[in-house]
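Taking full-length UniProt numbering, the leading residue of the sequence shown gets 1, the next gets one more, and so forth.
A short write-up of the structure that comes next.
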Amino acid sequence: VTGTWMGSTTVPCTYVPWEGFTEHTLSWSLERDSSVSTIFRRDESGDHILPAKFRGRLSVPKNSPGDASLLIENLEMPDSGHYTCRVVWRSADNSLVTRELTTTVKVVKEVNPPSSSWELPCSLHQ
Numbered sequence: 001v002t003g004t005w006m007g008s009t010t011v012p013c014t015y016v017p018w019e020g021f022t023e024h025t026l027s028w029s030l031e032r033d034s035s036v037s038t039i040f041r042r043d044e045s046g047d048h049i050l051p052a053k054f055r056g057r058l059s060v061p062k063n064s065p066g067d068a069s070l071l072i073e074n075l076e077m078p079d080s081g082h083y084t085c086r087v088v089w090r091s092a093d094n095s096l097v098t099r100e101l102t103t104t105v106k107v108v109k110e111v112n113p114p115s116s117s118w119e120l121p122c123s124l125h126q
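Quick look at the structure:
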């Protein structure tokens, strides 16, 4: 997934809800420069955005079974990295099932910003 600096991008994570299973926890982690950190976690107590630099910039759809995609707004260059979506479901007999999906995000600076229209004078009159 490629996102433009200062723009927004969605990192996809979708699944087909299983009958008899409920979403127990959902987390997103970011691997960058060989270190992995959890940046978003949803559990029975609500949504938690862990690093301060992501507060106000991350969101995951609510009340939309099967869609755990991560929206990142106001992209910064250090947001590039490997994002892993991890969903844990609980079955009726209390067993847990986990699935993970990793997507690479690359933040780029736009080469030709749309607002850069300007003209050079062709000749100067004296």
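Cβ atoms here follow ideal geometry from the backbone N, Cα and C, with glycine treated the same way.
Leaving out the 5 sequence neighbours to the left and right, which residues in its chain are closer than 7 Å to residue i when beta-carbon positions are compared?
i: Leu120; result: Reliability of the predicted coordinates at Leu120 is poor, the pLDDT of 45 falling under 50, and no value is obtained from them.
Per DSSP, residue i forms a beta bridge with which residues?
i: Leu75; result: According to DSSP, Leu75 bridges with nothing at all.
i: Asp47; result: Arg42
i: Ser35; result: Arg32
i: Cys13; result: Per DSSP, none; premise fails for Cys13.
Pop quiz: residue i and residue j are said to be a contact at Cβ under 8 Å. What is the actual Cβ separation, rounded to whole angstroms?
i: Leu26; j: Ile39; result: Actually they are not in contact, since the Cβ atoms of Leu26 and Ile39 sit about 12 Å apart, beyond 8 Å.
i: Leu75; j: Trp5; result: 6 Å
i: Ser80; j: Cys13; result: Ser80 to Cys13, Cβ: 18 Å. No contact.
i: Glu73; j: Ser8; result: 4 Å
I'd like to know whether the C-beta atoms of residue i and residue j end up nearer to each other than 8 Å.
i: Thr84; j: Thr104; result: no
i: Thr2; j: Leu71; result: no
i: Val87; j: Leu96; result: no
i: Gly66; j: Val16; result: yes
i: Ser29; j: Ser37; result: yes
i: Ala92; j: Gly20; result: yes
CB-CB under 6 Å to residue i, same chain, minus the five flanking residues each way: which ones, in chain order?
i: Val22; result: The sequence given here places Thr at residue 22; Val does not occur at that position. The answer, listed in chain order, is Arg90.
i: His82; result: Glu31, Thr102 and Thr104
Within a Cβ cutoff of 8 Å, which residues of the same chain sit near residue i, ignoring the five residues on either side of it in sequence?
i: Val108; result: Thr2, Gly3, Thr4 and Trp5
i: Lys106; result: Val1, Thr2, Gly3 and Ser80
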